[in-house]
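*Asks:*
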Amino acid sequence: MECIVKFQIIYKKDEPKPLRGLLLMDNNTPPGPEQLIPMFKRLGYEVVTENPDDLTFKPVNPGADYIRLRVTELDTGEEVYREDANLRRILENLL
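Take the sequence shown: its position 13, counted from the start at 1, is 4 in this note's numbering, and no numbers get skipped.
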């Protein structure tokens, strides 16, 4: 099964940059951090999991020009995980 991973690179000084990656999965479960980290590494981003529930990752190297990678959508051709930006803003304002 193919999974298109849409994510943002959040830079220290620049605007977030949307990118995509592709994973080939053996089963019908959406990928987790253990599958996403090697994909990011192949794309040139050495990261560790920051928050597995939000699928956010931080760089291994503190001198990297980005501060976070955030998965915004996992498209498996079936159910789509999509971050709800409005809900996120409401929750951030409440916190």
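We put the beta carbon where it would ideally sit given N, CA and C, even for glycine.
Using 8 Å for Cβ pairs, my map puts Leu14 next to Gln26. What's the rounded Cβ distance?
*Replies:* Counting from 1 along the sequence shown, the entry for residue 14 is found at position 23. Counting from 1 along the sequence shown, the entry for residue 26 is found at position 35. 6 Å between Cβ atoms; contact.
*Asks:* Helix, strand or coil for Glu83 per DSSP?
*Replies:* One-based indexing of the sequence shown puts residue 83 at position 92. Glu83 falls in the helix class under three-state DSSP.
*Asks:* Put Asn77 into one of helix, strand or coil per three-state DSSP.
*Replies:* Here residue 77 refers to the residue found at position 86 when the sequence shown is read from its first residue. Helix at Asn77.
*Asks:* Please name the residue in Phe(-2), Glu69, Leu85, Pro22 whose C-alpha comes closest to that of Tyr36.
*Replies:* By one-based count along the sequence shown, residue 36 stands at place 45. Closest by alpha carbon: Phe(-2).
*Asks:* Just tell me which of Arg80, Ile58, Ile81 has its CA closest to the CA of Glu6.
*Replies:* Taking the sequence shown and counting its residues from 1, the one referred to as residue 6 is at position 15. Distances from the alpha-carbon of Glu6 to those of Arg80, Ile58, Ile81 put Ile58 closest.
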